[in-house]
Structures are given as C-alpha cells and as structure tokens.
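Accompanying notes for the structure given below.
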Ligand SMILES: [Zn+2]
C-alpha cells in the first residue's frame, strides 16, 4: 500500500485574519475540526498559525513551521467560497509533482465517493504559497464550499467519513482501534428541557428494552425530570432521561447527538 507520511498538518487562516464564511460557519473553525481529526490519527506536527496579523504573515508563519519539519507530505485544510451556488471538493498540488498529483487525485475520488460531494478534481498550482514555498510535498484540500448549503449539509453528516477516506488513501487506518475519528458520543447528565435533534424513540424502562410506540421527532421538546444512569457491559455509563408523556412515564437516551440541552 502506498504510504504518504503526513509530516505536518494545518488549518488555513486564523481568528485574526479569518478566511471565508457562509452558512453560519467560519472557514478556519470548520477546517480546525478536520485538522484535529487528521492529527489525531497521523500525529502530524501542527503547522497552524494562530498569531499572524495579516494574511501574508499567517502564510509565512505556516510555511516556517512546515519547513522546520521537512520533507514529506504536508496537508493544508481549507474550505472554498464563491457565490453560494458553486460547490464541490478539490485538492491542490504543485504542478509537476507526480506523487502529489496522484495523492490529490486519489483523495478526490475517495472523499467524493463516500460523501457525494462533486469532484472538482486534482488541481495543479505554482502559486499557492503553502505549496510553492514549502519543502517536500504539500497538498491543499478544499473541503467543499463553506457558503454552499449543499456542501455544508454534507459536511454536517459526513465529516468523519470524509476525513477517514482521505486518511485511508494516505495509508493510515482511519477507522481502526484508538485512531478512530468518529465523533465521540457524550451523555447528558442534567434534568430540564431538551430539543430532539435526531429522531429517536421513547422506551418503557431506562434499560431501553421495550419500545413504547411513541417517537421523538426532530424539533420536539422534552422535559426530563430525572436522569437515570445505566452501566454498560464495558463499564461505560449511559444516561437515560425520564419524562412524562401524558400520564405515563417514558425513557429516552440522553445521547448528545440525539438531544440538545435547552
Ligand atoms: Zn482558505
């Protein structure tokens, strides 16, 4: 298997000189999440710059960090923006660098396959600074358009799958063992009001054995008046919310990807 050692990773821009924005999102904040997932698996050195006060200073600081590490595959995480309509995924590489071109093409194919993003393809450049000025090989990934609702709806659902697909192309086991980049589910612990953010079902008992026949629909609000802790076989502690539906008591899982605390 090809193994492209990821020596540094960074997200572009910073809070002082932010990149693009759209759909209620900021480019550097979304890119940061992707970059964090990348580094969790690859252990790449973080070449992110948080202190540059101009776009140029930001780029120079990033490249200095890249070049302090040297010579393998540097990965730069960005999101595109244009007119709200343009969409899709693309990867930039230095024109003439055959290995980087191959990597860019393979990442485009793999990520677009699992996400459904439009594949805008591998793109050659001699001008993008982090690619031009860095030693070794650098690729710059545009993870969709931050101002495209279509792309960001996919991002919301498929970020982990997208990152894993890119990591697997690079030769990392993106989904295995402790190096999983899947979102960790947390369990809520407070009583009070919750909003359903993913459809679920109410159960008759906190162990969630018997479906009550009542469903929790997205947008519905639930008053949790008691939190019941359940210990799983592997020792994980799960929480269930006790609620009243009319005159009957029902239970629902308090996963943070199902219910949002209000
Ligand atoms: Zn950018």
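Residue numbers (my numbering): 6 to 267. For every residue, glycine included, the Cβ atom is placed at its ideal position computed from N, Cα and C. Quick caveat, the model's predicted, so the values are computed rather than measured.
(1) Please say whether residue 266 and residue 193 have beta carbons closer to each other than 8 Å?
(2) Below 7 Å CB to CB, which residues in the same chain sit around residue 120 once its five sequence neighbours on both sides are set aside?
(3) Taking the alpha carbon of residue 46 as the reference point, which residue from 72, 34, 14 and 197 has its own alpha carbon closest?
(4) For the beta strand (DSSP E) containing residue 249, list its first residue and its last residue.
(5) Quick one: is residue 195 buried, meaning 16 or more other Cβ sit within 10 Å of its Cβ, or exposed?
(6) Is any heavy atom in ligand 1 found nearer than 7 Å to the beta carbon of residue 32?
(7) Buried or exposed: residue 188, going by 16 or more other Cβ atoms within 10 Å of its Cβ?
(8) On the DSSP letters alone, give me the boundaries of the beta strand (DSSP E) that residue 119 sits inside.
(9) Let's test the definition: count the other Cβ atoms within 10 Å of the Cβ of residue 226 and tell me whether it reaches 16, buried, or not, exposed.
(10) Measuring straight from C-alpha to C-alpha, what distance separates residue 108 and residue 175?
(11) Using the C-alpha atoms, what's the distance from residue 74 back to residue 156?
(12) Let me know the secondary structure DSSP gives residue 185 once reduced to three states.
(13) For residue 232, which residues in the same chain have their Cβ closer than 8 Å to its Cβ, ignoring the five residues on either side in sequence?
Per the coordinate set shown:
(1) yes
(2) 159, 163, 166 and 167
(3) 14
(4) 242-250
(5) exposed
(6) yes
(7) For residue 188, the predicted model reports a pLDDT of 41, less than 50, meaning its position is unreliable; a value from the coordinates is still stated below. Counting Cβ neighbours within 10 Å, residue 188 comes out exposed, since fewer than 16 surround it.
(8) Note, residue 119: premise wrong, no beta strand (DSSP E); alpha helix (DSSP H) at 103-120.
(9) exposed
(10) 7 Å
(11) 33 Å
(12) Interpretation of residue 185 is limited by its pLDDT of 34, a score under 50 that renders its predicted location unreliable; no figure is taken from the coordinates.
(13) 193, 194, 195, 196, 244, 245, 246, 247 and 259
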